[in-house]
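This report concerns only the one structure given below.
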Amino acid sequence: MFDKDYFKNYKEQSFKWLFWSSVVRKYTNKESKILELGCTYGYLFKHLKGYKNLFGIDISKHAINVAKTLNQKAIFETQDVQDLKFPKNNFDLILAIDVLEHLPNPKKGIQEISKVLKPNGILIISTPNPDSYSHKIKKKQWFAYKDPTHISIHNKEYWLNLLKTNNFRIKKTTTIDLFDYPYLNKIARLLNLILYRIKSPFIKNMGDNSVIIAQLNPERRSN
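Structure follows, in structure tokens:
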């Protein structure tokens, strides 16, 4: 399913990864162990120069093969988020950018994340926001429905409850992105780009994607 054809329109979008790298730096240092889920071609790691412990996984063998050619300083593996092959308590920070909506079983995915994340470790997720203004106007024509692999689209409350059930403490919730705005689309996209450039693309409630930053409580681990 996630072969070369699936990624034929995939673009690097350096402004996006520059922003996410700045978020990673806020919560980590260059010795921290970082895992990106659904890393595709590993573009994020190009912007984390000096970091010594970078790991990326993707279910796509094609994506991992490309990632390995683009970044030899990170470790890339073909893995399923719902069945992670890492030791427990292993990572300081895990990112899931545009990933959870692809999972048949998001509950299992979050449980797996909680196992390999260290106590007090940080999880950053971004996933389509069905409460966005774009969705309310465009309905079935909304961007998230155009990808048939988006099989787990849920509102913010669903993800918050799932995280809390798995022993996460919520540090930040917001929304991001205006690229599918139904009116004045070119202007909205330009504004979106400017907000990324200044590393402040957060938009209260109305953005196309929900962003949640959570911390794993140290007292109790998920089974």
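Under the numbering used here, the sequence shown has 41 at position 33, and the numbering climbs by one with no breaks. Don't be surprised by glycine CBs; every beta carbon is placed ideally from N, CA and C. Bear in mind the structure is a predicted one, so any value in this text is a computation, not a measurement.
Rounded to whole angstroms, the separation of the alpha carbons of K60 and K144 is 43 Å. Boundaries cannot be given for N17, as no alpha helix (DSSP H) includes it and DSSP labels it neither H nor E. Judged by DSSP in its simplified three-state form, L203 adopts helix. In this structure, the alpha-carbon of D91 lies about 27 Å from that of K16. Residue state for V89 is assigned as coil, using DSSP reduced to three classes. Taking M214 as reference, the option from K123, F187, I221, Y141 with the minimal CA-CA separation is Y141. Counted as a single uninterrupted DSSP element, the alpha helix (DSSP H) harbouring Q119 occupies residues 114-124.
Remark: C-beta atoms of I83 and S134 do not approach each other more closely than 8 Å.
By the criterion of a C-beta distance shorter than 8 Å, Y18 is surrounded in its chain by T48, Y49, once the five residues flanking it on both sides are discounted. Contiguous alpha helix (DSSP H) elements confined to the stretch 165-194 do not occur, taking only those with 4 or more residues. When N225, Y51, S29, H70 are compared, the shortest CA-CA separation from K123 is found for N225.
Its chain contains Q90 as the residues whose beta carbon lies nearer than 6 Å to that of N113, once the 5 sequence neighbours on both sides are disregarded; these appear in chain order.
At least 8 Å separates the beta-carbon of H162 from that of H110.
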